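Structure record follows, encoded as structure tokens.
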Amino acid sequence: MAEHRKRSVQIWLPLLPAAVAVLLLALVVWLVERIIGQELERRAGQRVEQVAEAFADQISRALARRGAELELVAGMPALGMGLDVWQQHLGRLRHSSPAYVWIGATDLRGTVVAASDGLLLGSNIAQRPVFTEGLRGPWFGSLHAPVALVAPLQARSMRVPDELADIAMPYPDASGGTGGVLAAHLDAAFFDALRERTLGAPETQRGLQLELTDLEGKLLLGQRAPVSDALRSTLYNSAEGLPTVLEGENDGRVMLVRVGVKAFDAGLRSDWQVVAWQPLDQVLAPVRELELSILWTGGLTALILSVAGFWLSRRLARPYSELLDAVAERLDGESANAPGAVLRTITEQMRRLPRSGTGTRSELALAQLLHDASRLQAMLANLPAPVYLVDKDYRVLFWNRACERVFGWSAAEAEGRHVDEIFRDKDPDSRVRQDLRALMAVRNEPQTFQGHLVLRDGTEVWGDWWLSKVFGVDGEPLGILVQVRDLTAEHQGAERLREQGEVLAAVINAASDAVISVDMNGRINLFNPAAARIFGRSADEMLGQPLDALLPREHRGGHLGLMRHFGESSATTRPMGFGRVKGLRPDGTEIELEASISQVTVRGEKRLTAILRDVSERVRAEQALSRYQVELSELTQRLLHQEQVTTRELAQTLHDQLGQTLGAIRLSFDSVCNQLRDIALPQRAQDRLRVVNTQIDQAIVEVRQALVKLRPPLLEKAGLLAALDNEIRQRVPEADPVRLELTHDPDIAGQRWPEDVEYAAFMVAREAVANAIEHARGTQIRVRVSGDADRLRLDIGDNGVGLPPELAEGRPGHLGMVGMRERALAIGARLQARARREGGTVITLIWAARPDSGFGALDSVRDNLLPG
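Numbered by our numbering, the letters in the sequence shown go through residues 450 to 1317 in order.
This is how it looks when you write it as structure tokens:
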């Protein structure tokens, strides 16, 4: 029996270091799974949630922008704009964003009357949902295949999208009624590009994907998560924005988050849902790689320890024979399942061994085994999170490097110390840790607490402490393993936010503009000192009161509804009214205010904040300036009318009197010369007759030139086009080598405008052409006339040196621009002067019989005035 015991000890005793290595290896793998795995899974949940919210927010903003753009364009017919002008703006809007494929407007019968790029013009779409739904109100339709647009797009060699989404809304006509439907097709590729941009580079995704679905879970865009339909239904029945882990179809777990695309402006609603998902196998791949490397390293270490143990058992069998005999004798009286007794026996006999020199070969071998085991302990020391081990008296036994970095104590300083020497409570009266120690003494379950502690240098540390008992092979607790999640940066961020809030409050109180914040019921909860000064009411008086008290009575009715409509939109800020609103002081005085409104969400509750500036004095000054401009316009009109009358009378006098007199002189002189032809006059007399003849011709030419300037030829009889054509022809010799050209729309040949309009336009064209010939130093001058019976546009462009910005309004001593502006003002027209991007100058006169017709109001200066 003793021999059997001896052999058992010889076999199992060398395996003890290997067993210790395996236990440490299992502990390291468990800690890696517990600490790093849980942290990676938590971060993956945060990232999936953030990506889903970011994609949903980008879609909401994109749809809100498209809705606002279409709502703005839909109001153009009510302003009196013609279909040609409206269609130009539809085309410009279509080319402004890659989201648009087609924008068009129909009449009440569903016939397309205006469309971008002229596509589907004249087609009838009355049976399509985009017309029937859009006629009822603002409508958004989900993705569908293109139908009617395929052939027109292919005919224009334009890209045919795979799928489209529709936006439609009714538009008002000039009388205020419904004129038809404004519709737009959005390219699904635009939303797919948003999805790819949100995901980022493929090498950083680790399987992260985004999918766009409807409420029933039908896939619209993206890659579908590998989850069965039965499990997916739980995702759509759960709350939005919460990470959910489901079993995948390939025996793996998948983390998913669902976020709905929120409602946006223009009354549109969307049933789109964004689902972000990521396989947890790819999230935890670094943990698995780390565990595999630990297992390889630990397994190799255990194998080495086992082989070394057997080798040592043979090499050291003779020096330890007495030891093994003693152990075998002890084991005869003890259970074979008492490894603690074996270790105690070995320890006692090792102490009795003789020592020679600095150590025997057996001691050196044992030291080597212990060194190999310490390599596993080094792995614990390199974990990224703070981990330390304390005994039952809360004295530090183990202290890893993360603890050194976070708490500022080295392992040598910390080991053996009581934890109260390392940390002390921020609140001296706090008993949280004492109560937790009492609970750990009677319970074996892990415990957690969040602490606010102070280190020895005064540094404050916030953290989540996780405590778990460590038990020995006999089942008795050996100590407590503590894991810490450092929350210091998060708490410091909260402190910074509080400080920023104090600074923001100081800025608001010191602002010169009124800042007023209300809840969604219109009750005031912020009223800064500037608001008290502007409205003449104290903050104590206004807090909790309805905002209607600050508005004139006629503006109170729909005010609350407008506020709630803005609060339900996705817009964060926009002007109030048309940028100006009226306020009311306690004495009944109305004030003019420039105002903008923004919305934020504070603790789940929406707040609307208005920033208002008192511009009453400026408005009064602008009104006075407007009155002065009207009076100046009337005075200018009377002066120019007087100029026409005076010019006409002067021209009549020159023609009827001086012109007739010169004609009589010419006849008389020619008669005298005929009578003196046969008389031999002295040479001096003949030279004098020739000089007088030349002077008479010169006088007649000068009178004719004065008549041309005073009364433009053909203007009264044939109209503006004929007068300009004659003027251009007359100036061709004077302008050489500059080339002069007159062009006009073919359908206005023979068109006549009011007499004063034609006169003013002719004089502006004459002055502009003369200036271009004299100062532009170009090679070409082009005059273009366009319009119809109620509208006139005149463009004079050159390719010369251009017009400096400071000369666009005129300058002292150079009254050409001033005179042209006065003539335009006298007929109610608008004059523009600017430099062309390609070089040269353009002078544009725009006149409309109805000032609100919008002719040219949104047009830029023509870029095709000069070739190239």
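We put the CB at the ideal spot given by N, CA and C, even for glycine. All figures in this text were calculated on a predicted structure; none of them were measured in a lab.
>> Let me make sure I understand the geometry here. Which of GLY748, ASP636 and GLU612 has the alpha-carbon closest to that of LEU474?
In response: GLY748
> At what residue ranges does the segment 614-697 contain a whole run of the beta strand (DSSP E), taking only runs of 3 or more?
Replying inline: 627-636, 658-662, 668-671 and 693-696
>> Going by beta-carbon coordinates alone, are ALA1225 and THR1290 separated by less than 8 Å?
In response: yes
> How big is the Cα-Cα spacing for ALA1298 and GLN537?
Replying inline: 22 Å
> Going by the beta-carbon positions, is the gap between VAL964 and ASN974 smaller than 8 Å?
Replying inline: no
>> Does PHE872 come out as helix, strand or coil in the three-state DSSP assignment?
In response: coil
> Can you give the beta carbon distance from VAL1177 to LEU1191, rounded, assuming they're within the 8 Å contact cut?
Replying inline: As written in the sequence, residue 1177 is Ile, which differs from the Val given in the question. That pair is a contact at about 5 Å.
>> Quick check: what's the CA-CA separation for TRP858 versus GLY924?
In response: 32 Å
> Going by beta carbon distance, what residues of the same chain come within less than 7 Å of LEU708, once the five residues before and after it are set aside?
Replying inline: As written in the sequence, residue 708 is Val, which differs from the Leu given in the question. ALA501, GLU502, ALA505, GLU689, GLY690 and VAL723.
> By the 10 Å Cβ neighbour count, where 16 or more other Cβ atoms means buried, how is PHE920 classified, buried or exposed?
Replying inline: exposed
>> Ignoring anything shorter than 3 residues, give me the beta strand (DSSP E) runs that lie fully in the segment 588-614, in order along the chain.
In response: 588-593
> With distances taken between CB atoms, is the gap from PRO610 to ASP636 smaller than 8 Å?
Replying inline: yes
>> Can you give me the C-alpha to C-alpha distance between VAL703 and LEU695, rounded to a whole angstrom?
In response: 5 Å
>> Using only the alpha-carbon positions, how far apart do TRP1296 and GLY1010 sit?
In response: 41 Å
> What residues are listed by DSSP as bridge partners for GLN576?
Replying inline: None; GLN576 has no bridge partner.
> DSSP state of TRP911, grouped into three classes?
Replying inline: strand
>> Tell me which residue opens and which closes the alpha helix (DSSP H) that VAL967 is part of.
In response: From DSSP, VAL967 is part of no alpha helix (DSSP H) but of the beta strand (DSSP E) over 963-967.
> Between the Cα of SER1352 and the Cα atoms of ARG514, ASP906, ASP556 and GLN1229, which residue gives the shortest distance?
Replying inline: Residue 1352 cannot be examined here, being either before or after the span of the chain that is shown, 450 to 1317.
> For the candidate residues GLU1054, PRO926 and ILE983, whose alpha-carbon lies nearest to that of ASP968?
Replying inline: GLU1054
>> Can you look up SER1120 in the DSSP assignment and give me helix, strand or coil?
In response: helix
> If we call anything under 8 Å between Cβ atoms a contact, is VAL732 one with GLU490?
Replying inline: yes
> Is ASP989 helix, strand or coil by DSSP?
Replying inline: helix
> Alpha carbon to alpha carbon, how far is ALA861 from ALA650?
Replying inline: 45 Å
> The beta strand (DSSP E) with ARG1240 in it runs from where to where?
Replying inline: 1240-1247
> Exposed or buried, CYS1122, counting other C-beta atoms within 10 Å across all chains shown (16 or more means buried)?
Replying inline: exposed
> Which value, in whole angstroms, describes the spacing of the CA atoms of GLN603 and PRO1001?
Replying inline: 58 Å
> Taking contact to mean at least 3 C-beta pairs separated by less than 8 Å, is the segment 620-636 in contact with the segment 519-528?
Replying inline: yes
>> Going by the DSSP bridge assignment, what does MET704 pair with across the sheet?
In response: VAL694 and GLN727
> If we ignore side chains and look at the alpha-carbon of each, how far apart do VAL855 and ASP935 end up?
Replying inline: 8 Å
> Between the beta-carbon of LEU1042 and the beta-carbon of ARG1013, is there less than 8 Å?
Replying inline: no
>> Which of the three DSSP states is assigned to ARG1002 in this structure?
In response: helix
>> Just to confirm my understanding: we take SER719, look at its own chain, exclude 5 residues before and 5 after, and list those with CB closer than 6 Å. What are they?
In response: PHE589 and VAL710
>> Nearest by alpha-carbon distance to ASP566: which of GLU1003, PHE1118 and LEU542 is it?
In response: LEU542
>> Using the Cβ count rule (16 or more neighbours within 10 Å means buried), how would you classify GLU1003?
In response: exposed
>> Relative to the C-alpha of SER987, which candidate in SER1047, THR1022, PRO1035 and ALA1284 has its C-alpha closest?
In response: PRO1035
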